[in-house]
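Read through the structure below, which is laid out as structure tokens, and then see the notes.
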Amino acid sequence: MIGMAAATPPAPPSSIAHRVVNNEPVSIEEYRTFQEEEEGRYEYVDGWIVSMTAASWSHSVIASNIDRTLGNQLHKTDCRTASRDVEVELPTSASNAFPDVVVVCGDPKFADERALRLRNPSVVVEVLSPSTMDYDRGEKFARYRQLDTLQEYLLVAQDRPHVEHYVRQEDSWRFTETDGLDAEIDLPSLDATLPLSEIYLDVSFDSDENE
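Its first residue numbered 0, the sequence shown is counted upward by one per residue in numbering that gives the first Met the number 0.
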């Protein structure tokens, strides 16, 4: 555990408290050092270092399916997909994120010369897990919405064929839910579609390991 002195340390948000690894808030520099020295992936939220739990098999397959399906459709466009190892810098230096899948249209822009922290995602996909779904739906999405480049946000269930989809309008976000393996999702910002049969290809809903 690491931490910096504070008279009255604030409590971490309840949606991430169970995944926080530090006892007191730390600086972004301390977080960077911690991230480099420790195994695994950690997000940074207002001074709190948040463990990204290991993905289940279903989680990984779903993310891979989406990456492949979108990547094939975007092959001849200026948009590209990237995997869950890409760090997205959120508008303030007090938080970041590692989306399960991210799409960038045009040239990627980074916060540093080493091309480590992406600043201009167009579409973000998060695969929901019991330990992260409250944060993904709430405060994390609120932070993502501050990115001017972000046009669409998808939350994908593991335990059933179900996707929550947000599309940026002029001054609001349109929300739709899609269910069933025979359905598909239109992604207007990409001129692409995501059939749920492709999202959930080779995924078993009878497994108890969808964490």
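For every residue, glycine included, the Cβ atom is placed at its ideal position computed from N, Cα and C.
Helix or strand or just coil, what does DSSP make of residue i?
| i | result |
| --- | --- |
| Arg-118 | coil |
| Ser-50 | strand |
| Met-28 | Per the sequence shown, residue 28 should be read as Glu rather than Met. Three-state result, Glu-28: helix. |
| Ala-81 | strand |
| Tyr-199 | coil |
| Ile-15 | coil |
| Thr-68 | helix |
| Arg-232 | Nothing in the structure corresponds to residue 232, since the chain is present only between 0 and 210. |
| Ala-141 | helix |
| Ala-191 | strand |
| Val-126 | strand |
| Val-103 | strand |
| Val-60 | helix |
| Asp-135 | helix |
Whose C-beta lies closer than 7 Å to the C-beta of residue i among residues of the same chain, with five residues either side of it excluded?
| i | result |
| --- | --- |
| Lys-139 | Ala-96 |
| Ala-191 | Leu-69, Gln-72 and Leu-73 |
| Leu-127 | Asp-135, Leu-154, Val-155, Ala-156 and Gln-157 |
| Arg-118 | Glu-88, Lys-108, Phe-109 and Ala-110 |
| Cys-104 | Asp-77, Cys-78 and Ser-121 |
| Ser-14 | Asp-133, Tyr-134, Gly-137 and Glu-138 |
| Ser-188 | Ser-121, Val-122, Gln-150 and Glu-151 |
| Pro-11 | Val-19 and Trp-47 |
| Gln-34 | Tyr-41 |
My guess is that residue i and residue j are in contact by the Cβ rule of under 8 Å, so how many angstroms apart are they, rounded?
| i | j | result |
| --- | --- | --- |
| Leu-195 | Val-166 | With a Cβ gap of about 17 Å, Leu-195 and Val-166 do not count as contacting. |
| Val-102 | Arg-79 | 7 Å |
| Val-124 | Ile-65 | 6 Å |
| Val-122 | Glu-151 | 5 Å |
| Tyr-43 | Ile-27 | 7 Å |
| Arg-31 | Ala-62 | Not really, about 25 Å apart at Cβ, beyond 8 Å. |
| Thr-148 | His-164 | Rounded, the Cβ-Cβ distance is 18 Å, inconsistent with contact. |
Based on DSSP bridge pairs, tell me the residues matched to residue i.
| i | result |
| --- | --- |
| Asn-95 | Glu-88 |
| His-164 | Leu-153 and Thr-175 |
| Glu-35 | Looking at the DSSP assignment, Glu-35 forms no beta bridge with any residue, so it has no partner. |
| Ile-184 | Leu-193 |
| Arg-40 | Met-51 |
| Phe-109 | Leu-117 |
Can you list, in chain order, the residues of its chain with a C-beta nearer than 8 Å to that of residue i? Leave out the 5 residues immediately preceding and following it.
| i | result |
| --- | --- |
| Arg-116 | Glu-86, Val-87, Glu-88, Asn-95, Phe-109 and Ala-110 |
Taking 6 Å as the limit between beta carbons, can you name the residues of its chain near residue i, skipping five residues before and five after?
| i | result |
| --- | --- |
| Arg-142 | Leu-89 and Ser-94 |
| Gly-179 | Pro-160 |
| Gln-145 | Pro-90 |
| Ala-53 | none |
| Trp-172 | Tyr-165 |
| Ala-81 | Val-101 |
Self-check item: Cβ pair count under 8 Å reaching 3, the segment 10-27 against the segment 44-53
Solution: Yes, the segment 10-27 is in contact with the segment 44-53.
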